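For reference, the structure is listed below as C-alpha cells.
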Amino acid sequence: MYDSQNRSGEADLIIAKHRNGPTRTITVAAQLHFARFVDMAQNPGSGTDFTQQRQSEEN
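Each residue of the sequence shown is one higher than the last, beginning at 40 in our numbering.
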C-alpha cells in the first residue's frame with residue numbers, strides 16, 4: 040500500500056498468506072547499507088517476536 044508519508048529507514052513486511060496463522064503487516068527497519076531488514080521495536084513486549092519464535096522452533 041502506498042503511503043505518501045515520508046518514512047525513511049522503514050519498510051512494511053506484509054504477511055498475506057500463512058497456513059493456520061494470522062495475516063498482518065509488520066513495520067521493519069531497513070538497513071539498506073547492509074541490504075537487510077531487521078525488527079523495529081516500537082513497543083517492546085507487544086506483538087509477536089518472530090525471531091525468538093523461529094529460534095525456539097529450530098531447537
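For each residue, glycine too, the CB sits at the ideal point set by N, CA and C.
Remember, it's a predicted structure, so these values are computed and weren't measured experimentally.
Looking at the backbone, the Cα of D51 and that of T66 are separated by about 5 Å.
The three-state reading of DSSP puts R63 in strand, counting E and B together.
Assignment of A55 by DSSP, reduced to helix, strand and coil, places it in the coil class. Counting along the chain, F76 sits inside the beta strand (DSSP E) bounded by residues R75 to D78.
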